[in-house]
Amino acid sequence: MTESRRVVPAWLGGMLCLFVGCSAGETRQPTQPASGTVRFLGKAVPGATLVFHPNAPWGKDEPRPRATVKPDGSFEVTTYEGADGAPVGSYSVTVEWYVPNKPDDGQVTNRIPARYGKATSTPLKATITPGANQLAAFELQK
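So for the sequence shown, numbering that gives the first Met the number 0 puts the first residue at 0; every next one is plus one.
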């Protein structure tokens, strides 16, 4: 009888942890579609990465909205999957574009000036509103 008294609470505790652990990752903020273009010195930056840093409090485990620039300079924002967009709010947007120094040497360099790569110094801003969002073009300079 003593053994079963220990097993039941342990089993219930394990089930509670499983339930809480599984359900915690399921919460997603609603997102709104968002797209735009980015150019550096007037040219597309294919493969560049944009990260949308919220200007309001954000859960530490919540993914940051992001995008990868297409060959024509366009991008679609994603937070969870596909081109699902970003939650409503205002963001500071960072851009990094790592390009190989030489073919096949394995070394890459960020070709975008450092101020665009930090949420605290980037001049790029975006506001996501309910509905589809066509963001103003990001024109990066040296």
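The beta-carbon is built from N, C-alpha and C at its ideal position, and this holds for glycine as well. Keep in mind it's a predicted model, so treat the numbers as computed, not measured.
Within 10 angstroms of the beta-carbon of THR126 lie fewer than 16 other beta-carbons, which makes it exposed. Excluding its 5 nearest sequence neighbours in each direction, ARG63 has C-beta neighbours in its own chain below 7 Å: VAL50, PHE51 and HIS52, listed in chain order. Annotation for ASN100: GLN106, VAL107 and THR108 place their beta carbon closer than 8 Å to its own, counting only its chain and skipping 5 residues before and after. Measuring C-alpha to C-alpha distances from THR119 to each of VAL92, PRO86 and LYS42 identifies VAL92 as the nearest.
Across the set GLN140, TYR97, VAL98 and GLU80, the C-alpha of GLU80 shows the shortest separation from the C-alpha of GLN31. Contact between ALA131 and GLY35 does not hold, since their C-beta atoms are separated by about 12 Å, which reaches or exceeds 8 Å. In the three-state scheme derived from DSSP, where H, G and I count as helix and E and B as strand, ALA82 is classed as coil. One Cα belongs to PRO86, the other to VAL98, and the distance between them is close to 30 Å. Note that the C-beta distance between ALA33 and GLY72 is not below 7 Å. For the pair GLU95 and THR48, the CB atoms are nearer than the 7 Å cut-off.
Taking 7 Å as the cut-off, the Cβ atoms of LEU134 and PHE39 do not count as close. In this model, ARG110 and GLN28 are separated by some 33 Å (Cα to Cα). The three-state reading of DSSP puts ALA55 in coil, since its state is none of H, G, I, E or B.
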